[in-house]
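**Q** So the protein lines, in turn, are chains A and B.
The first sequence maps to residues 6 to 258 in my numbering.
The second sequence maps to residues 6 to 258 in my numbering.
No residue lacks a Cβ here, since even glycine has one placed at the ideal position from N, Cα and C.
This is the structure I want to talk about, given as structure tokens.
2 protein chains.
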Amino acid sequence: MLTKQELIEYCDDARETYLDHISIDCVVFGFHEGQMKVLLLKTHNEEKWYLPGGFVLKREPIEMAANRILKERTGLAEIFLEQFHVFGDPDRSKVHNDMYADMLPPERNWFSSRFLSIGYYALVDFFEVTPTPDRFSEICEWRDLGEVPELQLDHSLIFKTALDTLRLQLNYQPIGYNLMPKEFTMPELQKLYETILDKKLDRRNFQRRILAFGILNRAEEPRKGGAHKAPYLYSFDLENYRHALTMGFKGGW
Amino acid sequence: MLTKQELIEYCDDARETYLDHISIDCVVFGFHEGQMKVLLLKTHNEEKWYLPGGFVLKREPIEMAANRILKERTGLAEIFLEQFHVFGDPDRSKVHNDMYADMLPPERNWFSSRFLSIGYYALVDFFEVTPTPDRFSEICEWRDLGEVPELQLDHSLIFKTALDTLRLQLNYQPIGYNLMPKEFTMPELQKLYETILDKKLDRRNFQRRILAFGILNRAEEPRKGGAHKAPYLYSFDLENYRHALTMGFKGGW
DNA sequence: TACAATTGTGTACTTTATACACAATTGTAA
DNA sequence: TTACAATTGTGTATAAAGTACACAATTGTA
């Protein structure tokens, strides 16, 4: 929990190092035990949840800023990131503006102005992430997509927009390489799609369709040791996967 | 052409009224005589072309800023606008930074810092636009998609990104209401798609597909007076059109 | 009045999507 | 040891969508 003095120092520092009235907010998606999850932060002493975010260094490319911010929250150096929208309502940061106005002397309050926020979504390997709170939060943890509480500021809107964007991406881009472990079974991959779409898919049709994309390699040996029939293991064909990422799936016109 | 003194005054004014290091750039698409066109500006005395753009008032929603900027360039009060990307390389405005650094005293030079640019694309009715230069330009005019010159700064990239986005939109959203006149023939609408995609489409298959979307109404009477067989006139069914805009066409999964 | 250009409509064929069924494997409970 | 439930692999019939192509109707012009 920051003291008032620390907060003032943070402001003084921020004024020097960051672009003002610009922020970045990230919706980090991870997949674990058949469930899509989002990384959330909780403020000290209050049940206020928000998305991981931060600011842009004065001479830093915005994509690099998003990477830096997420490295601090996840420990990951390389992250799949996709910019999806800028949120630019002048009152979107009003709650923050008011809160800090009460705490800080106006001339040193870096949070007094509106902030535009650039939204990024990230797809990460759940097992490689070490959720790490920032200086404003006491908790950083995963939440199931269906169990995201009301978020601070317009972060609920940002989250929803990210999810809508991701669902759209599903239609013309491969997904999974950044979310799944190296090897996985077909039912596991299907579960990924189902949890994103919040919808059951037909097992057999899913398999046919995803295989038709030509982005999967099947291992020789099926997974052993589990109950029930041993499923085959698949991995992404990285070359074809990348190709599909840039070219897209559907012809359309 | 602005004098140095005018430029300094502009800077002083801008510092007061606009958010600094944020700009908006717009790719305005119009359709005329079977050709998709973009609205471009040309600087005084030089063959330097760039996209219509501007800045965000201190307490203005960014979407409203884009609207205001385009009202000044086109005369249109209501414009179909879609935000598509933020361009945030710290050196993207370097050419401008350097240029103004040579012209203006540092302490009054509002253009000394980097600018992030929020990209919007607009779809407008060609006939309702009155192209109007801004204070930095002497010409504002339409250019065919295929005949866009190299643009200033990263505007060529912004233009290309807008066009790619538009082409993608074509696959899951209706298009045309904002670009076509009230009534139009099927071949005209097809030409719109062809000029956007830069690709010939089959006349009969196009018609079947576009009609299947259920967003068109056919008028009782065909257009008269032209050479050749009189074509039917169509108009958009606004209710269905709007529905398709929000819901999207393709199921996908 | 024949003709070129253009538009309206239809049909056969291929590909993709959807709905469903059955056989094989594996641990567990009887 | 065996029947059973759960799960996975594979196939097939049908519907829908996409693709390729043909012919007839209309209208101004040579």
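(1) Which class does Ala217/B belong to by DSSP, given the choice of helix, strand or coil?
(2) Below 8 Å on the Cβ atoms is my contact criterion, and I expect Ile13/A with Arg113/A to pass it. Report the Cβ-Cβ distance as a whole number of Å.
(3) Report yes or no: is there a C-beta of chain B within less than 8 Å of the C-beta of Leu24/A?
(4) If you follow the alpha helix (DSSP H) that Glu68/B is part of, which residue opens it and which one closes it?
(5) Would you say Trp258/B faces chain A, with C-beta separation under 8 Å as the test?
(6) Who are the near neighbours of Lys205/A in its chain, counting only those whose CB is closer than 8 Å to its CB and skipping five residues on each side?
(7) Could you say which of Arg20/B, Cys31/B, Asp25/B and Gln88/B lies nearest to Phe164/B if we only look at CA atoms?
(8) Judging by CA-CA distance, which residue of Pro95/A, Met69/A and Pro57/A is the nearest neighbour of Glu65/B?
(9) Taking Asp94/A as the query, report the chain B residues whose CB atoms sit under 9 Å from its CB, ordered along the chain.
(10) In the DSSP assignment, find the beta strand (DSSP E) that holds Ala127/A and state where it starts and stops.
(11) Expressed to the nearest angstrom, what Euclidean distance is found between the alpha-carbon atoms of Ala224/B and Arg214/B?
(12) Please report whether the beta-carbon of Ile215/B lies at a distance below 8 Å from any beta-carbon of chain A.
(13) What are the residues of the segment 173-206 of chain A that lie near chain B, defined by any Cβ-Cβ distance shorter than 8 Å?
(14) Beta-carbon of Leu171/B versus every beta-carbon of chain A: anything under 8 Å?
(15) Using a C-beta cutoff of 8 Å, does His90/B count as contacting chain A?
(16) Is Ala127/B closer than 8 Å to Leu168/B when the C-beta atoms are compared?
(17) Less than 8 Å between the CB atoms is what I'm expecting for Leu62/A and Ala70/A, so what's the real figure, rounded?
(18) Can you give me the C-alpha to C-alpha distance between Thr190/A and Leu238/A, rounded to a whole angstrom?
(19) I want to see whether chain A comes within less than 8 Å of Ile123/B, judged by CB atoms only; does it?
(20) Near Arg97/B, what residues of its chain come up, given a Cβ to Cβ distance below 8 Å and the 5 sequence neighbours on each side ignored?
(21) Counting only Cβ pairs nearer than 8 Å, list the residues of chain A close to Ile27/B.
(22) Can you look up His233/A in the DSSP assignment and give me helix, strand or coil?
(23) Got a sec? Which residues, its chain only, sit under 7 Å from Lys47/B by beta carbon, not counting five neighbours each side?
(24) Answer yes or no: does any C-beta atom of chain A fall closer than 8 Å to that of Lys76/B?
(25) In chain B, which residues lie less than 9 Å from Lys42/A when you measure between Cβ atoms?
(26) Here's a check: name, in chain order, each residue in its chain whose Cβ is nearer than 7 Å to the Cβ of His26/A, leaving out the five neighbours to either side.
(27) Using 8 Å for Cβ pairs, my map puts Gly35/A next to Phe131/A. What's the rounded Cβ distance?
(28) Please name the residue or residues paired with Met191/B in a DSSP beta bridge.
(29) Would the beta-carbon of Thr170/B fall within 8 Å of that of Phe89/B?
(30) Using C-beta distances below 8 Å, list every residue in its chain close to Lys255/A, excluding the 5 sequence neighbours before and after it, in chain order.
(31) Check whether the Cβ of Lys99/A lies closer than 8 Å to any Cβ atom in chain B.
(32) Once DSSP output is grouped into helix, strand and coil, what is the label at Tyr182/A?
(33) Given a limit of 7 Å on CB to CB distance, which residues of the segment 242-256 of chain A reach chain B?
(34) Looking at Phe211/B and Ala249/B, is the spacing between their C-beta atoms short of 8 Å?
**A** So, from the data block:
(1) Note: Ala217/B maps to helix in three-state DSSP.
(2) A Cβ-Cβ separation of about 5 Å places Ile13/A in contact with Arg113/A under the 8 Å criterion.
(3) Any Cβ of chain B closer than 8 Å to the Cβ of Leu24/A would place that residue at the interface, and such an atom is present.
(4) It spans Ile67 to Thr79 - the alpha helix (DSSP H) in which Glu68/B sits, taken as one unbroken run.
(5) Among the residues facing chain A, Trp258/B is included, as its CB has a counterpart in that chain under 8 Å away.
(6) Here Lys205/A has Glu199 as same chain residues with Cβ atoms under 8 Å from its own Cβ, once five neighbours each way along the sequence are excluded.
(7) Nearest C-alpha to Phe164/B among Arg20/B, Cys31/B, Asp25/B and Gln88/B: Cys31/B.
(8) Its Cα nearest to that of Glu65/B, the residue Pro95/A stands out among Pro95/A, Met69/A and Pro57/A.
(9) In chain order: Pro66, Ile67 and Glu68.
(10) Ala127/A -> beta strand (DSSP E) spans Leu121 to Leu128.
(11) Whole-angstrom Cα-Cα distance: 19 Å.
(12) The C-beta of Ile215/B comes no closer than 8 Å to any C-beta of chain A.
(13) Among the residues of the segment 173-206 of chain A, those with a Cβ less than 8 Å away from any Cβ of chain B are Leu173, Leu175, Asn176, Tyr177, Tyr198, Leu202, Lys204 and Leu206, in the order of the chain.
(14) No, Leu171/B does not count as interfacial toward chain A.
(15) Closer than 8 Å: yes.
(16) Contact: no.
(17) At roughly 6 Å, the Cβ-Cβ gap stays under 8 Å, so Leu62/A and Ala70/A are in contact.
(18) The alpha-carbon atoms of Thr190/A and Leu238/A are separated by roughly 5 Å.
(19) It does; some Cβ of chain A falls within 8 Å.
(20) Closer than 8 Å at the Cβ level, and outside the excluded window around Arg97/B, lie Arg119, Phe120, Ser122, Leu158 and Asp159.
(21) Going along chain A in sequence order, the residues near Ile27/B (Cβ under 8 Å) are His26, Ile27 and Leu121.
(22) Shown here, His233/A sits in coil according to DSSP, grouped into three states, outside any helix or strand.
(23) In the same chain as Lys47/B, and ignoring 5 residues on each side of it, the C-beta atoms closer than 7 Å to its own belong to Lys53, Trp54, Ser142, Glu143 and Ile144, in chain order.
(24) Interface flag for Lys76/B against chain A is unset, since no Cβ pair is found closer than 8 Å.
(25) None at all; the shortest Cβ gap to chain B is about 20 Å.
(26) Hits under 7 Å: Ser118, Arg119, Phe120 and Leu121.
(27) Right, the Cβ-Cβ distance comes to about 4 Å (below 8 Å), so this counts as a contact.
(28) DSSP, once it has assigned bridges, lists no residue as partnering Met191/B.
(29) Note that the C-beta distance between Thr170/B and Phe89/B is below 8 Å.
(30) Only Asn176 and Tyr177 meet the Cβ criterion.
(31) By this cut-off, Lys99/A is not an interface position.
(32) Note: Tyr182/A maps to coil in three-state DSSP.
(33) Flagged, chain order: Lys255.
(34) Between Ala249/B and Phe211/B, the gap from beta carbon to beta carbon reaches 8 Å or more.
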